[in-house]
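Chemist: With mature numbering (1 follows the signal peptide of the UniProt record, and there is no 0) as the guide, the letters of the sequence shown map in order to residues -20 to -1, 1 to 444. The beta-carbon is built from N, C-alpha and C at its ideal position, and this holds for glycine as well. Please read all numbers here as calculations on a predicted model, not as lab measurements.
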Amino acid sequence: MKLQNSIILFIVLLISYTKSINPKPRHIPQFVFGRPYGGFLNRPDGSNNEEDISCGSNNISYEEGWITQPLDHFDLNNTISWQQYYHYSFDLYNGSGLVFFMLGGETPLRARFICNTGYHWMVWAKQYGAAVFQIEHRYFGQSRPRVDQSVQNLQWFTPEQILEDYNDFIQQMNVKFFSNITKPRWVMFGGSYPGTLTAWMRTVYPDLTIGGIASSGAIGLTVNQYSYAVNMQKDYGSNDPNCASNIKAAFTQMQTMVYSETGRQVLEILFNLCTPFPSSDKLTPKDIQFFFSNIFGVFQGINQYTGDNGNTATANGLGIPITCQIMNNVSETDLVKRIANVINWSNSFSPGSQNVCMPNSYSDYIWTYKQPEYDTYAEIAAARSWNWMCCSYMGYFQTTDGGHDNDIWGRQDNLANNVTAMIINRNAHCADMYPSSPNDNMELIAARTRIQGLLEGFIQANKL
């Protein structure tokens, strides 16, 4: 399987309520700014629920906890506080003061990262006798600094506040659980956006932890993240050049079709659009962009999680190789129909999504994410938070403008500060975090071995 999708993994070292996800509303796309509906822990095939329930069978238990956090860590005159949700387990702990900490990200907290003992941080927790903690990010799930997500109430949703939440959490846990240890040894873990937070935490609070493993963390933020689409093209082309060519030709054909009323009518039927295109006199560029972004999002999701072994869908073939088989199937002569066939096949991995119409109303999409309530649609609230993050400080806008560098992050080693970076070629987003599989390629196996070696270096260099 010739995938060129790469993981940029940052290893940073200093020496010194389980709830089923609601069905997706018909006017919400599968992907928004790179975030799948349901988030990265609520997988569409329902495997997250199975993992949460299976905690007992894996001989692992966990406890739930809440800590009091200030609304504003930096305004002493603001006395408003709120409750932040977390999980913890001492089942593997050997009393050595070693603590593994999974940072929360853009998804409500779930138990799967503790319950599934195949995740590599849990494999290593067992090997080294670590206590494990994971925390929910402010403004996600049950961790609600304010009563709703109105723009006025989102002003405390900043990276500075988030990092201080995690700093405060570690200090509170040290007092509550490790008062008999002179200096507990915390190692942070995070993938994707939490990987970014892990690297930032090591930079801002270097004395708080002994190290951090940041999987697929985008450290250098950018507004125009053209490299995402460039790498997608590279990935599909590496699997099969004809596949990439057929995808490109199909999108070019759709671009022609969308500018005629007859062409739009064909697209409405072919893709089973939930809402017809507006009439020619009311059609706007946003209507056209929204249509293409939803189709692009399907190929985006397939590319991002190919071979990650993170759920039963990817384990059972949801990925680039079969996508390319569909796109290269000469028995279907219409390339645009091949695109529709890929989407239908992708939907088959999500219970209840077969034959579901494709969103096509930009105004309905915007209206939905304008709703500030947490509980009307819990997943919409999480996605609203993600949108706020991207628009206010993160960027991560996956554009199709194109560029000249397949990897705008590159390797960002900084040996003077004990920062090691590695690129894991031919692997999916955060693949190093997930359980091992017989199908793992040599690059992933070697990377995990190297990561564990660096982790052991953290631990050995900071023995009590």
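1. Within the continuous alpha helix (DSSP H) that includes PHE93, where are the two ends?
2. Per the contact definition of three or more C-beta pairs closer than 8 Å, is the segment 99 to 111 in contact with the segment 69 to 83?
3. Going by CA-CA distance only, name the one from PHE271, PHE270, ALA295 that's closest to TYR282.
4. Under 8 Å between the Cβ atoms of SER69 and ILE40?
5. On a CA-only basis, which of LEU72, GLN129, THR264, LEU253 is nearest VAL103? Give me that one, please.
6. State buried or exposed for CYS337, treating a residue as buried only when at least 16 other CB atoms are found within 10 Å of its CB.
7. Please classify LEU247 as buried or exposed, where buried requires at least 16 neighbouring CB atoms within 10 angstroms.
8. So, at 8 Å on beta carbons, what are the nonlocal neighbours of THR380 in its own chain, with the 5 sequence-adjacent residues on each side left out?
9. Measure the beta-carbon distance from TYR239 to ILE227 and round it to whole angstroms, keeping in mind my assumption that it falls under 8 Å.
10. Could you tell me which of SER273, GLU140, ILE199, ASP261 sits nearest to GLN235, measuring between CA atoms?
11. With 8 Å set as the bound, which would you pick, yes or no: does the beta-carbon of GLU248 sit closer than that to a beta-carbon of chain D?
12. Just to confirm before moving on: does the CB-CB distance between GLN168 and LEU83 stay below 8 Å?
13. Starting from the Cα of ILE403, find the closest Cα among PHE157, ALA194, ARG165 and give me that residue.
14. Of the choices PHE149, VAL131, LEU143, HIS53, whose alpha-carbon is the least far from that of GLY175?
15. Between PHE11 and GLN280, which are expected to be in contact by the criterion C-beta below 8 Å, what is the C-beta distance as a whole number of angstroms?
16. Going by the beta-carbon positions, is the gap between ARG406 and ASN421 smaller than 8 Å?
17. For ASN219, count the other beta carbons within 10 Å of its own beta carbon; 16 or more makes it buried, fewer makes it exposed. Which is it?
18. Could you check the C-alpha separation between ILE319 and ALA230 for me, to the nearest Å?
19. Return the residue from the list ASP288, SER341, PHE251 that minimises the CA-CA distance to LYS266.
20. Does the segment 126 to 136 come within contact of the segment 92 to 103, defined as at least 3 CB pairs closer than 8 Å?
21. Is it the case that the Cβ atoms of ILE94 and TYR173 are separated by a distance below 8 Å?
22. I'd like the span of the alpha helix (DSSP H) that includes GLU140, first residue to last.
23. Give a single yes or no on whether ASN74 has its beta carbon closer than 7 Å to a heavy atom of the ligand FAD.
24. Can you grab the Cα-Cα spacing for the pair residue 445 / ILE346, in whole Å?
25. Could you round the C-beta distance between CYS410 and GLY171 to whole angstroms and report it? I think they count as a contact, below 8 Å.
26. Measuring only the C-alpha atoms, how far is ASP52 from GLN64?
27. Compare the Cα-Cα distances from TRP324 to each of PRO415, VAL278, ILE115, TYR285 and report the closest residue.
28. Is TYR65 helix, strand or coil when you go by DSSP?
29. Taking 8 Å as the threshold (C-beta atoms), are LEU201 and MET413 in contact?
30. Let me know if GLU44 comes out buried or exposed under the rule of 16 or more other beta-carbons within 10 Å of its beta-carbon.
31. Check whether the Cβ atoms of TYR349 and ILE360 lie closer than 8 Å to each other.
32. I want to know whether the segment 180 to 194 touches the segment 158 to 167 - three or more CB-CB distances under 8 Å.
33. Taking the CB atoms as reference points, tell me whether PHE158 and ILE47 lie closer together than 8 Å.
34. Considering Cα atoms alone, identify which of LYS214, SER343, LYS106 is closest to PRO256.
35. So what does DSSP say about VAL322, is it helix, strand or coil?
36. What separation, rounded to the nearest whole angstrom, lies between the Cα atoms of ARG92 and ILE306?
Modeler: On the basis of the data shown:
1. 92 to 95
2. yes
3. For clarity, residue 282 is Ile in the given sequence; the question names Tyr instead. Comparing Cα-Cα distances from ILE282 to each of PHE271, PHE270, ALA295, the minimum goes to ALA295.
4. yes
5. LEU72
6. exposed
7. buried
8. TYR206, ALA209, PHE276
9. At roughly 20 Å, the Cβ-Cβ gap does not stay under 8 Å, so TYR239 and ILE227 are not in contact.
10. SER273
11. No chain D is present in this structure, which holds just one protein chain.
12. Checking the displayed sequence, the identity of residue 168 turns out to be Met instead of Gln. It is a contact, given that the beta carbons lie within the stated cut-off.
13. ALA194
14. LEU143
15. 5 Å
16. yes
17. buried
18. 7 Å
19. SER341
20. no
21. no
22. 139 to 157
23. Judged by which ligands are present, the structure shown has none, so any question about the ligand FAD falls away.
24. Since the first residue shown for the chain is -20 and the last is 444, residue 445 is missing from the structure and cannot be characterised.
25. 4 Å
26. 14 Å
27. Looking at the sequence itself, residue 324 is Asn, so the reference to Trp does not match. Considering only alpha carbons, the answer is VAL278.
28. strand
29. no
30. exposed
31. yes
32. yes
33. no
34. SER343
35. helix
36. 32 Å
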